[in-house]
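One structure is given below, encoded as structure tokens.
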Amino acid sequence: MNLTNRKDIHDLMTVYGIAPRKKYGQNFLTDTGVLDEIVASAELSGEDVALEIGPGLGALTERLARAAGKVIAVEIDDGLIPLLKGTLSDYGNVSLIHGDVMKMDLDALCDEHAPGKKLHVVANLPYYITTPIVLMLLEHGDRISDVTVMIQKEVAQRMQAEPGSKEYGALSLAVQYYCDPEIVCRVSPDSFYPAPEVESVVIRLRGRETPRVTVDDEKLMFDLIRATFNMRRKTMPNALMSAGRGFTREQVEKALKDMGKEVTVRGETFSLEEFAMLTGLLTSKTLH
Ligand code: SAM
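Taking this note's numbering, the leading residue of the sequence shown gets 112, the next gets one more, and so forth.
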């Protein structure tokens, strides 16, 4: 059985009475060159534990099982579980977990499967849920060494965007605070079965030793970032008064003036360094 051959995939799914499910973002990768490149760029060794989100039919999983010491594969679709048990039966180092990765306790998973180690996340992510998954992984940076994932090209552009561009937002700031993003390769829709409607890229997010800026209250900085981009077209004072931290207009305007900014400035031009500086100026005024 060749998991990258379209006819074999079709026949295999027919045997199990299933078909690719759009609602779970099922676009199976059929390009062996791309599969091999993903695994090579993850730089796994026999000591490493890989976490794959959404093994699908198992084409990437079997390659990860050969490259890593252990693979944890989390799949939401109950229809795929019996099929995966078959396709992965030769790989004793794969733990298949049936569940929704967004509802899992990643700390407990790491304690159980990778005690004393950090996970290497490698996946062809479901596109309907890419951003929440990546933000969840960033929040668990202490348990994750690096993330090598296939994502929609537009999401990769948002991750790498610079201040002032239309792609720039909370995702750009979160990714660039914790990681150094690097594009591994571009992938066309015809590398998948069925073909997605969008272009894709493989991106590698390597966790930084220390975040890109120093900030006393990380949570406050991300609350400010979220409030700013939730109200993208509003001026900073208007947006930040809704950050849920009880700031008054005067407090925000004073902080902006201390930074040499106009009070009519919009946050979409603010760099990570400037959000950190603003956080410092507002920290003493936090009510919660
Ligand atoms: N890894 C396979 C490949 O490369 O061919 C499949 C990738 S497919 C783009 C995405 C996979 O993620 C599907 O198997 C889908 O069922 C699974 N998935 C979708 N949402 C999920 C979730 N919340 N938790 C775990 N798996 C999920």
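Glycine included, C-beta positions come from ideal geometry on N, C-alpha and C.
Task: Endpoints, alpha helix (DSSP H) assigned at SER152 - done: Counting along the chain, the alpha helix (DSSP H) containing SER152 begins and ends at 143–152.
Task: ligand 1 heavy atom lying under 7 Å from the CB of ASP189 - done: no
Open item on the list: Let me confirm a value: GLU364 is counted as buried when at least 16 other C-beta atoms fall within 10 Å, else exposed. Which label applies?
Closed with: Result: buried.
Open item on the list: Measuring alpha carbon to alpha carbon, tell me which residue in LYS214, GLY169 and GLY227 is nearest SER206.
Closed with: Minimum Cα distance to SER206 is reached at GLY169.
Open item on the list: Pop quiz: VAL260 and VAL232 are said to be a contact at Cβ under 8 Å. What is the actual Cβ separation, rounded to whole angstroms?
Closed with: 7 Å
Task: With 16 other Cβ atoms within 10 Å as the buried cut-off, status of GLY378 - done: buried
Open item on the list: With a threshold of 8 Å between beta-carbons, can LEU383 be considered close to chain D, or not?
Closed with: Here chain D cannot be found, since the structure has a single protein chain.
Task: Boundaries (first-last residue) of the alpha helix (DSSP H) holding THR241 - done: 241–250
Task: Own chain residues within Cβ distance below 8 Å of ALA387, not counting five before or after - done: VAL324, THR325, VAL326 and MET332
TODO: Pull up the distance between the alpha-carbon of PRO305 and that of PHE139, whole angstroms please.
DONE: 7 Å
- [ ] Give a yes or no on whether the C-beta atoms belonging to PRO212 and LEU175 are separated by under 8 Å.
- [x] Residue identity differs from the one stated: residue 212 is Val in this sequence, not Pro. For VAL212 and LEU175, no; Cβs fall outside 8 Å.
- [ ] Check whether the segment 332–351 touches the segment 274–284, counting contact only when three or more Cβ pairs, one atom from each stretch, lie closer than 8 Å.
- [x] yes
Open item on the list: Does the structure place the segment 223–231 close enough to the segment 122–132 that three or more beta carbon pairs sit under 8 Å?
Closed with: no
Task: Candidates PHE358, MET352 and PRO348, of which the one nearest VAL376 by Cα - done: PRO348
Task: Near ligand 1: GLU186 beta-carbon under 7 Å from a heavy atom - done: yes
TODO: Please check the pair GLU148 and CYS296, which I expect to be a contact at CB under 8 Å, by giving their CB distance rounded to whole angstroms.
DONE: 6 Å
- [ ] Apply the 10 Å Cβ neighbour rule to LYS181 and answer buried if 16 or more other Cβ atoms are within range, or exposed otherwise.
- [x] buried
TODO: Measure the alpha-carbon distance for GLY371 versus LEU217 and round it to whole angstroms.
DONE: 42 Å
Open item on the list: Let me check you understand the geometry: is the CB of LEU81 closer than 7 Å to at least one non-hydrogen atom of ligand 1?
Closed with: This structure cannot speak to residue 81, because the chain is shown only from 112 to 399.
Open item on the list: Measuring straight from C-alpha to C-alpha, what distance separates PRO274 and PHE340?
Closed with: Rounded to the nearest angstrom, the two C-alpha atoms are 12 Å apart.
Open item on the list: Using only the alpha-carbon positions, how far apart do GLY280 and ALA272 sit?
Closed with: 8 Å
- [ ] Taking only runs that begin and end inside the segment 154–179, name each unbroken alpha helix (DSSP H) of 4 or more residues, in chain order.
- [x] 170–178
Task: Local conformation of PRO193 per DSSP, three classes - done: If DSSP states are grouped into helix, strand and coil, PRO193 belongs with the helices.
Task: Rounded C-alpha distance that separates GLU154 from LEU162 - done: 14 Å
Open item on the list: What I want to know is whether the C-beta of TYR135 ends up closer than 7 Å to one or more non-hydrogen atoms of ligand 1.
Closed with: yes
Open item on the list: I'd like to know whether the C-beta atoms of MET112 and THR198 end up nearer to each other than 8 Å.
Closed with: yes
Task: Every unbroken alpha helix (DSSP H) within the segment 262–287, with a cutoff of 4 residues, ordered by chain - done: 264–271
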